[in-house]
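>
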Amino acid sequence: GESVGLHLPTLSVQEGDNSIINCAYSNSASDYFIWYKQESGKGPQFIIDIRSNMDKRQGQRVTVLLNKTVKHLSLQIAATQPGDSAVYFCADRANTGNQFYFGTGTSLTVIP
Amino acid sequence: ETGVTQSPTHLIKTRGQQVTLRCSSQSGHNTVSWYQQALGQGPQFIFQYYREEENGRGNFPPRFSGLQFPNYSSELNVNALELDDSALYLCASSPHTDTQYFGPGTRLTVL
């Protein structure tokens, strides 16, 4: 089956530093990727997406990098703030279907 | 705010019972997906509905069923509840098979 995994289950950063969250996926047919942020007791919140015809996409304080050669995805958060503390999930979808596969998540803690 | 709402927020049932969870999607979003999220895990795809028809299903037994209505609302029904069905149930709506926007979820506890 599909395997989407995160390299580190927890990450602690100082407020103001940059954060990098990594994700590996296994399906070479995946063509669409989304990063979600989930705070305690809430549903996942869309952060940024990227399609397989791109290798980088930037949003407000966030950048997603896609390396299809090694099937790796990363989320970079600039100037991390306490409000960024949450669990972050990557999700991918194969071009042959409509199902998103989620990894187990990385818990980000921002230290004031 | 995603414009996706779910009810109820929390629910407690006993093993063997049946449950119906509800979701109201964003207007114009004709695709709704349901996910199960166990504690400490990522969401697992249950199924998707597009224009009131099932449009894909994950590895869940037939006792998990759904409905989608023309007014952008949908239901997840689970029969013969088992202890392992305790989880956060999430619905996500999208304009067809594109970015999915999640609701806040329903926390189901099966005793």
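These protein sequence lines are chains A and B, in that order. Residue numbers 14 to 125, in our numbering, belong to the letters of the first sequence in order. Residue numbers 12 to 122, in our numbering, belong to the letters of the second sequence in order. Ideal Cβ positions, reconstructed from N, Cα and C, are used throughout, including at glycine. Note that this is a predicted model, so its numbers are computed, not measured.
#1: Would you mind telling me which residues of chain B sit closer than 7 Å to K55 (chain A), beta carbon to beta carbon, in chain order?
#2: Would you kindly check if the distance between the Cβ of T23 (chain A) and the Cβ of T122 (chain A) is under 9 Å?
#3: What does the Cβ neighbour count give for D30 (chain A), buried or exposed, with the cut at 16 atoms within 10 Å?
#4: Just to confirm, is the Cβ distance from Y101 (chain A) to I34 (chain A) under 9 Å?
#5: Would you mind stating whether Q112 (chain A) and G67 (chain B) have Cβ atoms separated by less than 9 Å?
#6: Who does E86 (chain B) pair with in a DSSP beta bridge?
#7: Under a three-way DSSP split, which group does D96 (chain B) fall into?
#8: Assign L119 (chain B) to one of two classes, buried (16 or more other C-beta atoms within 10 Å of its C-beta) or exposed (fewer than that).
#9: Since F71 (chain B) is in the beta strand (DSSP E), which residue starts that stretch and which ends it?
#10: What's the C-alpha gap between P115 (chain B) and L122 (chain B)?
#11: Does L101 (chain B) have its Cβ less than 9 Å from a Cβ in chain A?
#12: So, helix, strand or coil for D30 (chain A), using DSSP?
#13: Taking the straight line between their C-alpha atoms, what separation do you get for L79 (chain A) and F71 (chain B)?
#14: Report back the beta-carbon spacing between R64 (chain A) and Y45 (chain A) to the nearest angstrom; my notes put them in contact at under 8 Å.
#15: Residues in its own chain within less than 6 Å of S43 (chain A) by CB, not counting five upstream and five downstream?
#16: Rounded to the nearest angstrom, what separates F56 (chain B) and F115 (chain A) at their Cα positions?
#17: Let me check one thing: in DSSP terms, what residues is V15 (chain B) bridge-paired to?
#18: Note down, in chain order, each residue of its chain lying with its Cβ closer than 8 Å to the Cβ of P57 (chain A), except the 5 sequence neighbours on either side.
#19: Among B:Q29, B:Y46, B:S44 and B:G14, which residue has its Cα nearest to the Cα of Q37 (chain B)?
#20: Is there a Cβ of chain B sitting closer than 9 Å to that of N80 (chain A), yes or no?
#21: Do C34 (chain B) and the ligand GTP come close, with the Cβ less than 8 Å from some heavy atom?
#22: Tell me where the beta strand (DSSP E) around A129 (chain A) begins and ends.
#23: Is there a Cβ of chain B sitting closer than 9 Å to that of N111 (chain A), yes or no?
#24: Does the beta-carbon of V83 (chain A) have 16 or more other beta-carbons within 10 angstroms, so that it is buried, or is it exposed?
In short, the structure shows the following:
#1: Translated into positions along the first sequence, residue 55 (chain A) becomes position 42. Under the 7 Å cutoff, chain B gives P115.
#2: One-based indexing of the first sequence puts residue 122 (chain A) at position 109. One-based indexing of the first sequence puts residue 23 (chain A) at position 10. Yes. Within cutoff.
#3: To locate residue 30 (chain A), count along the first sequence from 1; it is residue 17. It is exposed - the Cβ of D30 (chain A) has fewer than 16 other Cβ atoms within 10 Å.
#4: Your numbering for residue 101 (chain A) matches position 88 in the first sequence. Your numbering for residue 34 (chain A) matches position 21 in the first sequence. Going by C-beta atoms, Y101 (chain A) is nearer than 9 Å to I34 (chain A).
#5: For this step, residue 112 (chain A) is matched to residue 99 along the first sequence. For this step, residue 67 (chain B) is matched to residue 56 along the second sequence. It is a contact, given that the beta carbons lie within the stated cut-off.
#6: Stepping through the second sequence from its first residue, residue 86 (chain B) is reached at position 75. Paired residues: B:R33 and B:L78.
#7: Position 85 of the second sequence, counted from the first residue, corresponds to residue 96 (chain B). Of the three classes helix, strand and coil, the one that applies to D96 (chain B) here is helix, per DSSP.
#8: Residue mapping note: residue 119 (chain B) aligns to position 108 of the second sequence, counting from 1. With 16 or more other Cβ atoms within 10 Å, it is buried.
#9: Against the second sequence, residue 71 (chain B) aligns to sequence position 60. First-last for F71 (chain B): undefined, no H or E at that position.
#10: Taking the second sequence and counting its residues from 1, one reaches residue 115 (chain B) at position 104. Taking the second sequence and counting its residues from 1, one reaches residue 122 (chain B) at position 111. One C-alpha to the other measures close to 22 Å.
#11: For this step, residue 101 (chain B) is matched to residue 90 along the second sequence. It does: the Cβ of L101 (chain B) has a partner Cβ on chain A nearer than 9 Å.
#12: The sequence position of residue 30 (chain A) within the first sequence is 17, counting from 1. It is coil, neither helix nor strand.
#13: The residue labelled residue 79 (chain A) in the question sits at position 66 within the first sequence. The residue labelled residue 71 (chain B) in the question sits at position 60 within the second sequence. Cα to Cα, the separation comes out at about 30 Å.
#14: On the first sequence, residue 64 (chain A) is found 51 positions in, with the first residue counted as 1. On the first sequence, residue 45 (chain A) is found 32 positions in, with the first residue counted as 1. Contact holds; Cβ gap of about 5 Å.
#15: Here residue 43 (chain A) corresponds to residue number 30 of the first sequence, with the count starting at 1. Excluding positions up to five away in sequence, the list reads D105 and A107.
#16: In the second sequence, the residue the question calls residue 56 (chain B) occupies position 45. In the first sequence, the residue the question calls residue 115 (chain A) occupies position 102. Approximately 9 Å, taken between the alpha carbons.
#17: Locating residue 15 (chain B) in the second sequence gives position 4, counting from the first residue. In the DSSP output, where bridge partners are listed per residue, V15 (chain B) has none listed.
#18: Here residue 57 (chain A) is taken as the residue at index 44 of the first sequence, counted from 1. For P57 (chain A), where only same-chain residues beyond five positions count, the Cβ hits under 8 Å are Y49, K50, Q51 and F102.
#19: Within the second sequence, the letter at position 26 stands for residue 37 (chain B). That would be B:G14, whose Cα lies nearest to the Cα of Q37 (chain B).
#20: For this step, residue 80 (chain A) is matched to residue 67 along the first sequence. It does not; no Cβ of chain B falls within 9 Å.
#21: Absent from the structure shown: the ligand GTP. Ligands present: none.
#22: Residue coverage of chain A in this structure runs from 14 to 125, which leaves residue 129 (chain A) outside it and unanswerable.
#23: As a first step, residue 111 (chain A) is located in the first sequence; it is residue number 98 there, counting from the start. Yes, N111 (chain A) counts as interfacial toward chain B.
#24: Locating residue 83 (chain A) in the first sequence gives position 70, counting from the first residue. V83 (chain A) comes out exposed.
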